[in-house]
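Encoded as structure tokens, the structure appears first; notes follow it.
Chains as they are written, first to last, in the working numbering: chain A, 24 to 355; chain B, 12 to 309; chain C, 14 to 294.
Now the structure itself:
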């Protein structure tokens, strides 16, 4: 008993949990709402890796707003892989030389195994009649979405609202800004992560509409019952890719590159895609697409490349200090 | 539990660090000066001074205009206002409630007294996150208190009232524990004399007792206020954290960190640190006052 | 500070409430203490056990929660002895010698008390973080502090460093150094003086400080949340785990963890009042 305790203490101090010897651990640092998804993925990945590579592996998880997580990695959080919800957060790591500059080419589909889109969650029966982005600027509507400064989820919401406004106001920048300012002023609280925003909406009962990824919208309804909430998919939304990357700096140091790569590849496998679909993420693999088709309504998706000219431009124009986001982010 | 048990800071206990009992010429009689000085100084440098210096360095690197821009932004100002006004309200509440409890615990014998005396320490022993969880559940629309209050139009959760409740709960023991020992020290005959001279009970309290406990009482209220300013765990659970409405300074620092906006986090943390220094200075002054008072009343 | 009814040596106990005002005040105290203190405590414990002891235990032995308990206990085991050692050294230094800069030293001992826990976390981030003052240097040597259990230990050390010293200093100042000096004149050496003279005099106050220090280490939230990195089952202490479970919509799990901490708090109070009587406060 004593020895066991000592061993456990030694293990914890070395940063490895007290599990059986020879188990390699990797850390997946992820965005906030992917908690349940990666719980399920890890449970299936471990036996699958054991079967194919013959080695024991344990995957640890950390969840918070995607940009916050990128910041923590720069400060020293030792992630073997990142599964983020936004290109710029991985780019932040590339700039800090934590991941390869060409990370997008390392896995298929721009290194994004699945995707989603900003959608609306409203209270049962949609009492405020919120149908589309235009309704968000109404005086009687209170909106919840996470802080675009800390959360990729929140940034997609900003960009999707802007994409809609750009079409609706035919590119009239003054009108677009006026609309976005109104939307932002309708937000009583900006939580730092997607899940905290959901909690605010469902537990604390603040707001008339929650804007978050479709996966979270549908997952919340499944978990809390469709007699309490309804999903609303707006007329147009933005393709939200969920990029993944191996953190080279860490895996090279820890010797975990093979596992890390296998883990991310697993997300593209039929099994991995099936789990992602089951957690309401839109997927690419044919069988999974077919299986989960019914749960996703048709929606017209625009891309960051089409509307905003790519992520680099988005980052410089919108999210830089004093950029377009700061102009409309009235509550910050 | 921040300012430990303020109970000890009684007039009887010699004020922290004043060495009035010391006679000259006894400086290093006992062995161990080198050892204890070495340990203390090294530890303080490593654990306290070095991290503080790292943050101050970061703040200084901003330069004055940038620093001022950050700490005087509208959002920061409203965070100060919310934090300080809530802390003041909590301190006032605890001033009354603490005085009442101290009075009752010292003056009367009654069933359940020991339990109440023990309960007073609860806010120091209970982790603040647990306190926050308890309060948000109690005062939520479906909670035991919320069910009663919400129909009356009183919302506590996600309102400034919630911040005040959380702050008042976590800083409750200070006033009780500073006033209690002083009250015990007031000799019965002082009051007896006043009564014999024809003073009404109210006069006895306001003319005799209140002046005697005033320094300790003020110290307790200031400690309470200081603790409330720094409270984080309990407040974030209940406050709702709306910028400009229910966002306290500690939370704003936390958000700036999350945004990876380190200069802002450093500048705001420096503001809180300065506040802490000022209160520390103030409590030390108050304790010195309390000591002189205690001497006079003997 | 504890009033002991047994030693009220006055003939007729003047402390028996005998007026309507007295009973009114007592009633108010009952009401307030009940509503403000007892009810929140009961709520936590009742909710934690609402679905039965079985469900409570099942939630506690969830690997991540169990690990959080383990880590929290470990932090206390590491931090409390160190701060006890520091507290003794600092109290001895402050109460037994006069020297230049003593006031400054005392201020430094007291600082962690008045600083917001968030600030405590922030200062460590600016020191050891990847972009902090010493972070790059540590990285050179492949040392990692931030977002490991070491960072949790360090901020806990900072936050609770004054606890033991604050208990000992007033007591040792009051006692004065005469006993030690007498022992010295009888030929005792420093170690003997400490073990046979000083320690017996301060042992209850020391224990009392350690109990308070322990309670705070176990409950620390703000400072730890800045430096933990929130790796599930790795760097989550019990208070952080409560927030995490709450955000996972696992309210039962959150309350199970919370009631564990609440029971620990009750234990702390009991220990504290026993020690209070021993120290004669």
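Glycine included, each C-beta is placed from N, C-alpha and C at the ideal position. Everything numeric in this text was worked out from a predicted model, so none of it was measured.
Contact note: residue 291 (chain B) does not reach chain A at a C-beta cutoff of 9 Å; the least C-beta distance is about 30 Å.
A Cβ of chain A is located within less than 8 Å of the beta carbon of residue 253 (chain B). Check the Cα spacing between residue 164 (chain C) and each of C:114, C:285, C:70 and C:242: the tightest is with C:242.
Nearest to residue 137 (chain B) by C-alpha distance, out of C:287, C:289, C:249 and C:274, is C:274. In the DSSP assignment, residue 268 (chain A) falls within the unbroken beta strand (DSSP E) covering 267-269. Between the alpha carbons of residue 173 (chain A) and residue 98 (chain B) lies a gap of roughly 28 Å.
Residue 243 (chain C) reaches chain A at 85, 86 and 87, counting residues in chain order whose Cβ is nearer than 8 Å.
If you look at residue 54 (chain B), you'll find it in the alpha helix (DSSP H) that goes 44-54. Beta bridge pairing from DSSP links residue 167 (chain A) with A:233.
Annotation for residue 291 (chain A): no beta strand (DSSP E) segment contains it, and DSSP assigns it neither H nor E.
For residue 264 (chain B), the nearest beta carbon of chain A is not closer than 8 Å to its own beta carbon. Beta-bridge pairing by DSSP links residue 81 (chain A) to A:48.
Sorting C:214, C:181, C:177 and C:175 by C-alpha distance to the C-alpha of residue 191 (chain C) places C:214 at the top.
Across the structure, residue 103 (chain A) and residue 276 (chain B) are spaced so that their CA atoms are roughly 28 Å apart. Within its own chain, the residues whose Cβ lies closer than 8 Å to the Cβ of residue 243 (chain B), once the five positions on either side in sequence are excluded, are 139, 259, 261, 262 and 265, listed in chain order.
In the DSSP assignment, residue 142 (chain A) is bridged to A:235. In this chain, residue 110 (chain C) is not harboured by any alpha helix (DSSP H), its DSSP state being neither H nor E.
Between residue 112 (chain A) and the set A:129, A:342, A:346 and A:292, the nearest pair of CA atoms involves A:342. Between the stretch 181-193 of chain B and the stretch 106-118 of chain B, the count of Cβ pairs shorter than 8 Å is three or higher; the stretches touch. For residue 75 (chain A), the number of other beta carbons within 10 angstroms of its own is below 16, and it is reported as exposed. Look at residue 202 (chain C): its C-beta is not under 8 Å from any C-beta on chain A. Remark: three or more beta-carbon pairs, one from each stretch, lie closer than 8 Å, so the stretch 59-71 of chain B and the stretch 279-294 of chain B are flagged as touching. At a cut-off of 8 Å between C-beta atoms, residue 101 (chain A) counts as an interface residue with respect to chain C. Along the length of the stretch 167-247 of chain A, whole alpha helix (DSSP H) runs at least 4 residues long occupy 175-191, 196-208, 217-225 and 237-247, reported in chain order.
Secondary structure of residue 264 (chain A) (DSSP, three-state): strand. Taking a Cβ-Cβ cut-off of 8 Å, the neighbours of residue 144 (chain B) in chain C comprise 57, 255, 259, 267, 268 and 271, given in sequence order. Residues of the same chain with a CB within less than 7 Å of the CB of residue 164 (chain A), apart from the 5 flanking positions on each side, are 151, 153, 158, 209, 231 and 232 in chain order. Within 7 Å of the CB of residue 211 (chain A), the CB atoms of chain B belong to 253, in sequence order along the chain. Relative to the Cα of residue 142 (chain A), the nearest Cα in the group A:322, A:350, A:55 and A:302 belongs to A:322. Residue 199 (chain A) is positioned such that its CB atom lies closer than 8 Å to that of residue 188 (chain A).
Using a CB distance cut-off of 8 Å, residue 208 (chain A) does not count as an interface residue toward chain B. If the five residues before and after residue 304 (chain A) are omitted, its C-beta is found closer than 6 Å to the C-beta atoms of 137, 139 and 238, all from its own chain and listed in chain order. Neighbours of residue 30 (chain C) in chain B, taken as residues whose beta carbon is under 7 Å from its own, are 119 and 121 in chain order. The three-state secondary structure of residue 253 (chain A), taken from DSSP, is strand. In summary, the residues of the stretch 171-204 of chain A whose CB is separated from some CB of chain B by less than 8 Å are 172 and 173, in the order they occur in the chain.
Where residue 118 (chain B) is concerned, the enclosing alpha helix (DSSP H) starts and stops at 85-118.
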